[in-house]
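Student: Numbering-wise (the numbering used here), the sequence shown opens with residue 1338 and increments by one.
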Amino acid sequence: MRAINIFFFLSLILLQGCTTIEVAKEVTKATNSVKKSIENIVSKEKSSSQEVKIEKAENNEIEEEKEKIKSEKKKERIAKINQTKITTLNLDLKTFDQIKRILGQPSLIRVDGNTKTIRFDTMNCRLFVYFNTNDKVMKSQYYEIRNINGNLVEKKEKIKKCYQELEKVT
1338 MRAINIFFFL
1348 SLILLQGCTT
1358 IEVAKEVTKA
1368 TNSVKKSIEN
1378 IVSKEKSSSQ
1388 EVKIEKAENN
1398 EIEEEKEKIK
1408 SEKKKERIAK
1418 INQTKITTLN
1428 LDLKTFDQIK
1438 RILGQPSLIR
1448 VDGNTKTIRF
1458 DTMNCRLFVY
1468 FNTNDKVMKS
1478 QYYEIRNING
1488 NLVEKKEKIK
1498 KCYQELEKVT
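1. Leaving out five residues on either side along the sequence, give the residues of the same chain with a beta carbon under 8 Å from the beta carbon of residue 1502.
2. Using only CA atoms, which one of 1373, 1494, 1476 lies nearest to residue 1427?
3. Classify residue 1478 as helix, strand or coil using the three-state DSSP reduction.
4. Sort out for me which residues DSSP pairs residue 1462 with in a bridge.
5. Do the stretch 1442 to 1460 and the stretch 1403 to 1412 make contact, defined as three or more Cβ pairs closer than 8 Å?
6. Helix, strand or coil for residue 1432 per DSSP?
7. How long is the line joining the alpha carbons of residue 1487 and residue 1495, rounded to whole angstroms?
8. What three-state label does DSSP hand residue 1471 in the structure shown?
9. How about residue 1402 and residue 1489: do their beta carbons lie closer than 8 Å?
10. Along the chain, where does the beta strand (DSSP E) containing residue 1508 start, and where does it finish?
11. Kindly list the residues whose CB is nearer than 6 Å to the CB of residue 1375, restricted to its own chain and excluding five residues on each side of it in sequence; keep chain order.
12. Who are the near neighbours of residue 1446 in its chain, counting only those whose CB is closer than 6 Å to its CB and skipping five residues on each side?
13. Please confirm whether residue 1436 and residue 1474 have their CB atoms less than 8 Å apart.
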């Protein structure tokens, strides 16, 4: 009888020990799972904060570019106004044939959508004249003088020099 009691007691201890090991394994698995979940959440928060920083930087760059574009457009408008004040040639609302009689054969004629562009080249300047092709009678809508690099000519002396070169060509 004593042997049976001792056997029964040892088998209970053995069964409880196995159960404790299984529980420990499950607890370890759960702990690892929770740890991975927390790491994922933290990494997502870090990446989202980095994305926010990147978006802010991009927005700042975009705003700077917009300001640059606005200032360049303003400079071009001012230069265009100066060019028309200084000009000795009046090309506003002239037909293609009239401009051709005044300045001669253009160096380039280009039709792009609703716009026809003609270009007259000199040694230092390019005169661009723009027409709207949708008009019944195509008359010049806009003209500008640019240097050989394509930049708008802004200085009064250079504008006068360009017009003198254009007049020599004709």
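The beta-carbon is built from N, C-alpha and C at its ideal position, and this holds for glycine as well.
Computed from a predicted model, the values in this text were never measured in an experiment.
Tutor: In this structure, then:
1. 1459, 1460, 1461, 1462
2. 1476
3. strand
4. DSSP output for residue 1462 lists 1484 as bridge partner(s).
5. no
6. Secondary structure at residue 1432: strand, using DSSP grouped into helix, strand and coil.
7. 14 Å
8. coil
9. no
10. Past the edges of the chain, shown from 1338 to 1507, lies residue 1508, and the structure says nothing about it.
11. none
12. So the list reads 1455, once near-sequence residues are dropped.
13. No Cβ-Cβ contact shorter than 8 Å links residue 1436 with residue 1474.
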